[in-house]
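Just so we're aligned, residue 1 is where the sequence shown starts under the UniProt record's numbering, counting upward by one. This report concerns only the one structure given below.
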Amino acid sequence: MAMGVTQKTFQLDIVSAEKTLYSGPAHALAVSGQDGELGIRPGHSPLLSKLKPGVASFVSDMKEPEEVLYISGGIVEVQPSVVTVLADTAMHGKDIDQARANEARRAAEANIQAQAEGQGFQVAQMELAKAVAQLRAIELTQKAMRR
Numbered sequence: 001m002a003m004g005v006t007q008k009t010f011q012l013d014i015v016s017a018e019k020t021l022y023s024g025p026a027h028a029l030a031v032s033g034q035d036g037e038l039g040i041r042p043g044h045s046p047l048l049s050k051l052k053p054g055v056a057s058f059v060s061d062m063k064e065p066e067e068v069l070y071i072s073g074g075i076v077e078v079q080p081s082v083v084t085v086l087a088d089t090a091m092h093g094k095d096i097d098q099a100r101a102n103e104a105r106r107a108a109e110a111n112i113q114a115q116a117e118g119q120g121f122q123v124a125q126m127e128l129a130k131a132v133a134q135l136r137a138i139e140l141t142q143k144a145m146r147r
């Protein structure tokens, strides 16, 4: 996920119910909003959005690769100089167990095929989205580490 960055920064806080994953300056943030992908840079217009399961990536040091997190959902609040991500669950891409994420994806796909349209189907779709997002976080983290 290539992000345009400048020397300017904003305060970024990424927290989950379990812990604070990051609190400090950031040059840019990309997250999966409910209505599409969001790219946030310093001075962004105020915004409040739900987050869907996906990848959040941010640049805290322009000399280092972007950091990649898996986020299961939550909300993001954007103010001109402060951005807060309140995640239901969040993990650094490097901390995700790839074998477990692959198994969760296979189980969710099987569950989708077994479910008729309805609430069970929607739950299975959400589980699949979470597993795919975890695998994407792993992929992006590994790619950034190779640079």
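A virtual CB, placed ideally from N, CA and C, is assigned to each residue, including glycine. For clarity, every value in this text was computed on a predicted model and none was experimentally measured.
- Taking R41 as reference, the option from Y70, F58 and A144 with the minimal CA-CA separation is F58.
- Q34 carries a coil assignment under DSSP once its states are collapsed to helix, strand and coil.
- In this structure, T89 lies away from S32, with their beta-carbon atoms at least 8 Å apart.
- Judged by DSSP in its simplified three-state form, K94 adopts helix.
- Take the alpha-carbon of G120 and the one of A144: they are about 36 Å apart.
- Between V78 and L47, the gap from beta carbon to beta carbon is short of 8 Å.
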